[in-house]
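Protein chains in written order, with the numbering used here: chain A, 1 to 113; chain B, 1001 to 1112. No residue lacks a Cβ here, since even glycine has one placed at the ideal position from N, Cα and C. This report refers to the structure that appears directly beneath it.
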């Protein structure tokens, strides 16, 4: 079974631009969660999608948004990028709702310059 | 604030020694999980312990959970250099729509 795939792996963007990150969960998994990881804040929960519906949301500004498609693939979008958005963005999938064992992708390293 | 707080923040041991890492949390949980992360990569699930369990084993890993003290410990026995990584505890609260909340992690260095 293929694991969780995140694309792209690395990204450099300029402040003010927007970015879209993609996550393909393990086949059959319906829950996809997104996390932001920075050295100072650790792993911060962004949001969780289950069957195309956002089920949970973390404390991030509205510039951070996401969606899930009918095939469970998910995208997250960050608009009007700020330097502080530089981070490793991790996607995790679970068979059912979050709170169970999560399978993580390798992450997308976003650098905002 | 983080639900889980790991202790210590960093740990350095000799190969063959045991490593003990602790995690404390604040509210009632459905389960607690431990993950490992090698530098700059994704997290790997190690073990899940439910709130009604007290101890669980998986290979060289032993996890305990004390819900009265709201704490958990992860013991890695006979450590190897390959165990060098960051370790995170994550808690899932009660409720159907619970999400995983991670601590800031423990950096474990195993010296050959």
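Only residues of its own chain outside the window of five on either side were considered, and among them 79 have a CB closer than 6 Å to the CB of residue 18/A, listed in chain order. Sequence-ordered contacts of the region 1017-1045 of chain B with chain A read 1030, 1031, 1033, 1035, 1037, 1040, 1041, 1042, 1043, 1044, 1045 [C-beta pairs closer than 9 Å]. Bridge pairing for residue 57/A: 47/A [DSSP]. Cβ contact annotation for residue 104/A (same chain, cutoff 8 Å, sequence separation greater than five): 4, 90, 91, 92, in chain order.
When C-beta distances to chain B are compared with 8 Å, the residues of the region 86-97 of chain A below that value are 88, 90, 92, 97, in chain order.
Note on the region 11-39 of chain A: whole beta strand (DSSP E) runs with a minimum of 3 residues are 19-24, 31-38, in chain order. With a threshold of 8 Å between beta carbons, residue 1010/B makes no contact with chain A.
Close to residue 2/A, with beta-carbon spacing below 7 Å, lies no residue of chain B; the smallest spacing is near 14 Å. Interface with chain B (8 Å Cβ-Cβ cutoff): residue 60/A is excluded. In its chain, beyond the 5 residues on either side, 81, 112, 113 have a beta carbon closer than 8 Å to the beta carbon of residue 14/A.
In the three-state DSSP reduction, residue 84/A falls in the helix class (H, G or I).
Sequence-distant Cβ neighbours of residue 7/A in its own chain, meaning closer than 6 Å and more than five residues away, are 22. Neighbourhood of residue 1092/B in chain A, by CB distance below 7 Å: 99, in chain order. 8 Å or more divides the Cβ of residue 1065/B from the Cβ of residue 1034/B. Across the set 1012/B, 1026/B, 1077/B, the C-alpha of 1026/B shows the shortest separation from the C-alpha of residue 1092/B. Ranked by Cα distance from residue 1062/B, the options 1021/B, 1090/B, 1070/B are led by 1021/B. Against chain B, the CB of residue 107/A has a partner CB under 8 Å away; the residue lies at that interface. Here the C-alpha atom of residue 61/A lies approximately 16 Å from the C-alpha atom of residue 67/A.
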